[in-house]
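**Q** Attaching a single structure in structure tokens format; questions to follow.
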Amino acid sequence: MALILNEEQQSLKDIAKEFLQKNAPVTHFREIRDTQNELGYDKSLWSEMVNLGWSGILIPEEYGGFDFGMVGMGSIFEEMGRTLTPSPLFSTGVLGATLITLGGDDKQKQNYLPRIVDGSLTTALALEEGNRHSPFSISTKATKAGNDYKISGEKTFVIDGHCSNLIVVAARTEGSDDDASGISLFLVEADTDGIEITKTSMVDSRNSANIKFNKITVSSSNLLGEENNGAAILEEVLDRAQIAISAEMLGNASQAFDVTLDYLKERKQFGSVIGTFQALQHRAAEMYSELELTKSSVIAACNAVDENSNDLKRMASLAKYKAGETNHLVTNEAVQMHGGVGVTDEYDVGLYLKRARVTEQIFGNSEFHLDRYATLSEY
Amino acid sequence: MTDLQTFREETRNWLEANCPQEMRKPGDVAWGGRNAQFSHPDQKIWLERMGEKGWTCPTWPSEYGGGGLSKEENKILQEEMGAIGARSPLGSFGIWMLGPALLEFADEEQKKEHLPPIVKGEVWWCQGYSEPGSGSDLASLSTKAVEDGDNYVINGQKIWTSYADKADKIFCLVRTGPQEPKHDGISFLLIDMDQPGVTTRPITLISGKSPFCETFFDDAKAPTKDLVGGLNKGWTVAKRLLEHERTMISAMGLSGGGDGSKKTKSGLAEIGKKYVGIDADQKISDKALRRKVAMHDLNSRAFGLTMQRVGEETKVGAPSPAAAMGKYYGTEHNKLRYELMLEAMGTQGVGWDGEGFSIEELAITRDWLRTKANSIEGGTSEVQLNVISKRVLGLPDK
Chain A
11 MALILNEEQQ
21 SLKDIAKEFL
31 QKNAPVTHFR
41 EIRDTQNELG
51 YDKSLWSEMV
61 NLGWSGILIP
71 EEYGGFDFGM
81 VGMGSIFEEM
91 GRTLTPSPLF
101 STGVLGATLI
111 TLGGDDKQKQ
121 NYLPRIVDGS
131 LTTALALEEG
141 NRHSPFSIST
151 KATKAGNDYK
161 ISGEKTFVID
171 GHCSNLIVVA
181 ARTEGSDDDA
191 SGISLFLVEA
201 DTDGIEITKT
211 SMVDSRNSAN
221 IKFNKITVSS
231 SNLLGEENNG
241 AAILEEVLDR
251 AQIAISAEML
261 GNASQAFDVT
271 LDYLKERKQF
281 GSVIGTFQAL
291 QHRAAEMYSE
301 LELTKSSVIA
311 ACNAVDENSN
321 DLKRMASLAK
331 YKAGETNHLV
341 TNEAVQMHGG
351 VGVTDEYDVG
361 LYLKRARVTE
371 QIFGNSEFHL
381 DRYATLSEY
Chain B
1196 MTDLQTFREE
1206 TRNWLEANCP
1216 QEMRKPGDVA
1226 WGGRNAQFSH
1236 PDQKIWLERM
1246 GEKGWTCPTW
1256 PSEYGGGGLS
1266 KEENKILQEE
1276 MGAIGARSPL
1286 GSFGIWMLGP
1296 ALLEFADEEQ
1306 KKEHLPPIVK
1316 GEVWWCQGYS
1326 EPGSGSDLAS
1336 LSTKAVEDGD
1346 NYVINGQKIW
1356 TSYADKADKI
1366 FCLVRTGPQE
1376 PKHDGISFLL
1386 IDMDQPGVTT
1396 RPITLISGKS
1406 PFCETFFDDA
1416 KAPTKDLVGG
1426 LNKGWTVAKR
1436 LLEHERTMIS
1446 AMGLSGGGDG
1456 SKKTKSGLAE
1466 IGKKYVGIDA
1476 DQKISDKALR
1486 RKVAMHDLNS
1496 RAFGLTMQRV
1506 GEETKVGAPS
1516 PAAAMGKYYG
1526 TEHNKLRYEL
1536 MLEAMGTQGV
1546 GWDGEGFSIE
1556 ELAITRDWLR
1566 TKANSIEGGT
1576 SEVQLNVISK
1586 RVLGLPDK
């Protein structure tokens, strides 16, 4: 396993960096936020990302995708973490793309995947029901009614839930609320009667929604994968999603750190730049060490996806754990080391702090993944 | 077949024919030297065969007795040795610390004289850096070397000289320019230990014993030709050598921490289960300890991957600026590992010797005490953080 990028991957990363810094720097995010853009991202920027092929990176070539792999996708997410770029790439290019690629039948793949690649379809995953990630705690019910299912229940923290054409809903077709078995996945058009979507305003000003399903009717041909076996697909998808979001968190932490390091070298107090103070130097050096460890964990986890490693689950938890811990530490320190200006809206560090805390919540925080890693390691 | 495939095949065959069966089992590693001691006759044979081939120092140039292997070839050699469980043929500060510095700073004559005996394990080297008054502030050292004809005359005291009581020679930082600013009056000098002016005294550590000594110089002599890197230019050599030392010590953190594979994962989780017990789900019953074990395992893995990545990023023999990070993190991490073992073991973890404790328990306790020195020797953790701040992050001094 190589832990450095090959030529192709490096070139994709360089292109992503250049594109994002030019077209979607932090000022772009601020504009979306301050104009209270209903969509939560810029459509023309998204179509440029689509033109660069990003939405099809994880989609097989036979469905029009580029099958470029998770190392490539991770590089893009890392760069988007640096620029705080809002886009549906996570909900569509990672969640939707892998849900349908890994769980769909050929007809579903033919129907949806090319539209993800060409940017005409955006997707969301309606999974969580509580305030803490618990993938199999599902009480949303789907009951068979002839050739259809009736789905009722409430979902929360659905990323891009208010602006997607297609919602993948995890619902219970059997068993009790915390069972892994008995969960089924459904492909639901967002404009289906009986769906109530409420956009939630999060601290990071990024997209999230609560969704209520009031006895909506879904055809059984929209079942993704086998009935009652949704958990297996979900687990594989969540591993990939955790790794992609970890890459974004690595970028978020790296940028917050770089900005802080620059500040330490220019801000003067007591007649010297504050970066000469050992109390700050040592904390900076510790953050550097944690960032190095996080970088290795993320790229190794991306590799684990591409190499189909049988240790993928633990690697996903490693990446999300390290990214969560490091991003938490670095964004807190970034604000503190900036002093007064660190808590102003004018400076960017606060934006990284806010984004850090929301990404920690996405598909399990560090504590969740500690526990998962120990369980997977049989202790 | 590619060249590397051919090399792999040849290496495999050579090892098969030349590595004695006894050396394919775990056990102690020979340190060589003029009065070399071998715990098994095969240790001697193994050292001689590997030394002859230069594979004790695989990537050193063959003109100085090394193996002359490329980074890729060396990787293959290590893999093939690993595959048959071959023991390292030789432990040596000459290999890990002095040799790389000589390759970079010594003149041709010095390289020809000193490198081949390191490769063959004929000379046991030790390191004379710290002094009682010069620990973290190493550059304040005061052991003096005064020129007298073809020799330097050395007076002073070194401390923490590992294996000084067994070593044949010492690479030493000495003050040759008492009037110069402190960093500019230091030279790097090679001194023979086998002379009346050099005496050593072992130091007992909190773990009960140790390889460390004090070394005293009373009008000891060293030929002027054995000064490496130029008069008063020793600090440059010293700093580079410290980077090699840090790489060596951070590798110890790694071997203690493990790469997350089944084999090295053991230790902590197994000790936790054994001493604390398991619940109905086979999990460590003390939830707080289980959480700490998991955290440690995750960080072990992240650290192991980082050392691997740094290895991929750097060229053969070139110490990376990340070495300070490796030394800092690796040693702190290793200390934590032993603290967690003791936490799990309870009173069985704090026995000193004798009845009531198993050999393994006593070994863990002694090792726990020994790890306390890891974050002090070779530059304290605080010094490593200084190095990262200044050399890696570019934070200013003033």
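Residue numbers (the working numbering), protein chains in the order written: chain A, 11 to 389; chain B, 1196 to 1593. All C-beta atoms in this analysis are idealised placements derived from N, C-alpha and C, irrespective of residue type, glycine included.
1. Cβ of LEU1493 of chain B within 8 Å of Cβ of LEU328 of chain A?
2. Tell me, which residues are paired with THR306 of chain A by DSSP?
3. Got a sec: is the Cβ-Cβ distance from LEU55 of chain A to anything in chain B below 8 Å?
4. Could you compute how far the alpha carbon of SER101 of chain A sits from the alpha carbon of GLY1467 of chain B?
5. Answer yes or no: do LEU1557 of chain B and GLY1546 of chain B have a C-beta to C-beta separation smaller than 8 Å?
6. Please report the distance separating the alpha-carbon of GLY1452 of chain B from that of THR1566 of chain B.
7. Within 10 angstroms of the Cβ of PRO1373 of chain B, are there 16 or more other Cβ atoms? Answer buried if so, exposed if not.
8. Name the two residues that bound the continuous beta strand (DSSP E) containing GLN1352 of chain B.
9. Quick one: is ALA1362 of chain B near chain A, going by C-beta distance under 8 Å?
10. If you follow the alpha helix (DSSP H) that VAL213 of chain A is part of, which residue opens it and which one closes it?
11. Enumerate in chain order the residues of its own chain whose CB-to-CB distance from GLY1280 of chain B is below 8 Å, with the five nearest sequence positions on each side excluded.
12. Can you tell me which of the three DSSP states CYS312 of chain A falls into?
13. Counting only runs of 4+ residues fully inside the segment 83-143 of chain A, write out the alpha helix (DSSP H) ranges in chain order.
14. Rounding to the nearest angstrom, what Cα-Cα distance links GLY1323 of chain B and LYS1339 of chain B in this structure?
15. Report the residues of the segment 141-165 of chain A with a CB closer than 8 Å to any CB of chain B, ordered along the chain.
16. Note down, one range per segment and in chain order, each beta strand (DSSP E) of at least 3 residues found wholly within the segment 1491-1571 of chain B.
17. Could you tell me the distance, in whole angstroms, from the CA atom of SER191 of chain A to the CA atom of ALA181 of chain A?
18. Run through chain A and tell me which residues come within less than 7 Å of PHE1498 of chain B, C-beta to C-beta.
19. Show which residues of chain B have a CB atom less than 8 Å away from the CB atom of ALA12 of chain A.
20. Mapping DSSP to helix, strand and coil, what is GLY1451 of chain B?
21. Going by other Cβ atoms of all chains shown within 10 Å of its Cβ, with 16 needed for buried, is ALA289 of chain A buried or exposed?
22. I need the DSSP call for ASN1427 of chain B, collapsed to helix, strand or coil.
23. At which residues does the alpha helix (DSSP H) containing ASP44 of chain A begin and terminate?
24. Output yes or no for whether 8 Å exceeds the beta carbon distance between LYS330 of chain A and SER256 of chain A.
25. With DSSP run on the structure shown, which of helix, strand or coil describes ILE14 of chain A?
26. So TYR331 of chain A contacts chain B; which residues on that side make the cut at Cβ distance below 7 Å?
27. If you follow the alpha helix (DSSP H) that ARG1244 of chain B is in, where does it begin and where does it stop?
28. Okay, do the segment 73-81 of chain A and the segment 138-145 of chain A touch, 3+ Cβ pairs below 8 Å being the bar?
29. I'd like to know whether the C-beta atoms of TRP1319 of chain B and GLY1227 of chain B end up nearer to each other than 8 Å.
30. Measure the beta-carbon distance from LYS160 of chain A to LYS225 of chain A and round it to whole angstroms, keeping in mind my assumption that it falls under 8 Å.
31. Apart from the five residues just before and just after GLU88 of chain A, which ones in its own chain have a Cβ nearer than 6 Å to its Cβ?
32. Please list, in chain order, the residues of the segment 280-292 of chain A that have any C-beta partner in chain B closer than 7 Å.
33. Does LYS1530 of chain B have its Cβ less than 8 Å from a Cβ in chain A?
34. Cβ of GLU388 of chain A less than 8 Å from any chain B Cβ?
35. Along chain B, which residues have their Cβ under 7 Å away from the Cβ of SER306 of chain A?
36. Give the DSSP-derived three-state secondary structure of LEU68 of chain A in the structure shown.
**A** Result, derived from the coordinates:
1. yes
2. For clarity, residue 306 of chain A is Ser in the given sequence; the question names Thr instead. None, per the DSSP bridge assignment.
3. no
4. 40 Å
5. yes
6. Only weak support is given to the placement of GLY1452 of chain B: the predicted model assigns it a pLDDT of 35, under 50, and the value that follows is read from those uncertain coordinates. Looking at the two C-alpha atoms, the distance is approximately 12 Å.
7. Exposed, since its Cβ has fewer than 16 Cβ neighbours within 10 Å.
8. 1346-1354
9. no
10. VAL213 of chain A -> no alpha helix (DSSP H), and no H or E assigned at all.
11. Closer than 8 Å at the Cβ level, and outside the excluded window around GLY1280 of chain B, lie ARG1219, LYS1220, PRO1221.
12. Helix, per DSSP.
13. 107-113, 116-127
14. 13 Å
15. none
16. Counting only runs of 3 or more, we get nothing.
17. Linking SER191 of chain A to ALA181 of chain A through their CA atoms gives a straight-line distance of about 11 Å.
18. LEU303
19. GLU1507
20. Unreliable positioning characterises GLY1451 of chain B in this predicted model, as indicated by a pLDDT of 40, which lies under 50. The coordinate reading is nonetheless provided below. Correct three-state label for GLY1451 of chain B: helix.
21. Under this definition ALA289 of chain A is an exposed residue.
22. coil
23. 36-44
24. yes
25. coil
26. LEU1493
27. 1236-1248
28. The segment 73-81 of chain A vs the segment 138-145 of chain A: no contact.
29. yes
30. 5 Å
31. ALA257, LEU260, GLY261
32. SER282, VAL283, GLY285, THR286, GLN291, HIS292
33. no
34. yes
35. Within chain B, the residues placing a beta-carbon under 7 Å from that of SER306 of chain A are ALA1497, LEU1500, THR1501, ARG1504, ordered along the chain.
36. If DSSP states are grouped into helix, strand and coil, LEU68 of chain A belongs with coil.
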